[in-house]
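Novice: By our numbering, the letter at position 190 of the sequence shown is numbered 190, and the numbering carries on one by one without gaps.
C-beta atoms are modelled at their ideal positions from N, C-alpha and C, and glycine is treated no differently.
This one's a predicted model, so the numbers in the text were calculated from it and none came from an experiment.
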Amino acid sequence: MSDAEPRTRGASGKTTRKRTKRQPLMEGEVISMLPLDLAQDWYAVRCPVGKRCSVVSVAGRTISRLRNGTILANFESMLPAGSRAYRGDYCILDCIYVEHTFTYYVLDLMCWKGHPFFNCETEFRVFWLQTQLAELHADAARPSRSSSQQQAYYRFEALAVAEAMPQHLARIVRQLDAPTADDGTRTDGTADYIPPPPLLLLLDS
Numbered sequence: 001m002s003d004a005e006p007r008t009r010g011a012s013g014k015t016t017r018k019r020t021k022r023q024p025l026m027e028g029e030v031i032s033m034l035p036l037d038l039a040q041d042w043y044a045v046r047c048p049v050g051k052r053c054s055v056v057s058v059a060g061r062t063i064s065r066l067r068n069g070t071i072l073a074n075f076e077s078m079l080p081a082g083s084r085a086y087r088g089d090y091c092i093l094d095c096i097y098v099e100h101t102f103t104y105y106v107l108d109l110m111c112w113k114g115h116p117f118f119n120c121e122t123e124f125r126v127f128w129l130q131t132q133l134a135e136l137h138a139d140a141a142r143p144s145r146s147s148s149q150q151q152a153y154y155r156f157e158a159l160a161v162a163e164a165m166p167q168h169l170a171r172i173v174r175q176l177d178a179p180t181a182d183d184g185t186r187t188d189g190t191a192d193y194i195p196p197p198p199l200l201l202l203l204d205s
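1) Starting from the C-beta of residue 84, find all residues in its chain whose C-beta is less than 6 Å away, skip the five residues before and the five after it, and write them out in chain order.
2) Run the CB neighbour count on residue 82, radius 10 Å, all protein chains shown included, and call it buried at 16 or more, exposed below.
3) Tell me whether the stretch 32-46 and the stretch 153-167 touch, counting them as touching only if at least three CB pairs, one residue from each stretch, are closer than 8 Å.
4) Closest to residue 138 by C-alpha separation, out of 156, 27, 105, would be which residue?
5) Based on the DSSP secondary-structure assignment, which residues constitute the bridge partners of residue 53?
6) Out of curiosity, what's the CA-to-CA distance linking residue 65 and residue 55?
7) Is there at least one non-hydrogen atom of the ligand ADP closer than 7 Å to the beta-carbon of residue 43?
8) Mind the definition here: the stretch 108-118 touches the stretch 90-97 only if three or more C-beta pairs lie below 8 Å; say whether that holds.
9) In this structure, does DSSP put residue 8 in helix, strand or coil?
10) Starting from residue 155, trace the beta strand (DSSP E) both ways and give me its first and last residue.
11) Using only alpha-carbon positions, find the residue among 51, 76, 80, 78 that is nearest to residue 69.
12) Are residue 158 and residue 129 touching if we call contact CB-CB under 8 Å?
13) With 16 as the cutoff for other CB atoms within 10 Å, does residue 24 come out buried or exposed?
14) Excluding the five sequence neighbours on either side, which residues of its own chain have a C-beta within less than 6 Å of the C-beta of residue 113, listed in chain order?
15) What is the DSSP secondary structure of residue 133, counted as helix, strand or coil?
16) Whole angstroms is fine: what's the gap from residue 73's alpha carbon to residue 103's?
17) Under 8 Å Cβ to Cβ from residue 153, same chain only, skipping five residues before and after it: list those, please.
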């Protein structure tokens, strides 16, 4: 099974392989006090218990890797370029994999169809990710769409994101149909996706 990776064309016209074997992920910092601007400038995500990983879809395959670069799975998925049925350029996602439900809960978006989202604010990344995954789910549900067993085997779900205010936090806790981690509530600043150092805080549930 080939370990497919995104490729790019350099100034010389030669096609070179992009290095994605160890995709840096945004790291969290545990805090004891809430930021003063929590309600205005932060978002909250309820995180399930699982394996933090990056997911890359390219050239008809989807590869998930743990933070140390170890391959977690190599399969076909509904993501763009993630299978022979779903065409498009490569995608890179920041996920939590929950093994007993075969579900990748998507924390954040780094690249979609070859377009980088590192310099986009949180609000836009959340909107784009949820919109695109909803379209993929709708497309996969069409009777005319044929999907491989692997595509049906692994699920991709966007985690619910809400403004970090008490009334919204209660809603996202109810929405997640999976056990949550001890540090389960993740809050993001309205900032770019920047692998460490982060603008990401972990709050005790």
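Specialist: In short, the structure shows the following:
1) Within the same chain, and ignoring the five residues on either side of residue 84 in sequence, the residues whose Cβ sits closer than 6 Å to its Cβ are 60.
2) Buried.
3) With a cut-off of 8 Å on Cβ pairs, the stretch 32-46 is in contact with the stretch 153-167, counting three or more such pairs.
4) It is 156.
5) DSSP, once it has assigned bridges, lists 66, 95 as partnering residue 53.
6) So the two alpha carbons sit approximately 7 Å from each other.
7) Summarising the ligand content, the structure contains no ligands, and the ligand ADP is consequently not present.
8) Using a C-beta cut-off of 8 Å, the stretch 108-118 makes contact with the stretch 90-97, since at least three inter-stretch Cβ pairs fall below that distance.
9) At residue 8, the pLDDT of 44 sits below 50, so the modelled position is not reliable and the matter cannot be decided from this model.
10) Where residue 155 is concerned, the enclosing beta strand (DSSP E) stretches over 155-158.
11) Here the closest residue by C-alpha is 51.
12) Yes, the pair counts as a contact, with Cβ atoms nearer than the cut-off.
13) Residue 24 comes out exposed.
14) In chain order, 80, 88, 89 place their CB closer than 6 Å to the CB of residue 113, counting only its own chain and leaving out the 5 sequence neighbours on each side.
15) Three-state DSSP puts residue 133 in a helix.
16) The straight-line gap from Cα to Cα measures roughly 12 Å.
17) 75, 102, listed in sequence order.
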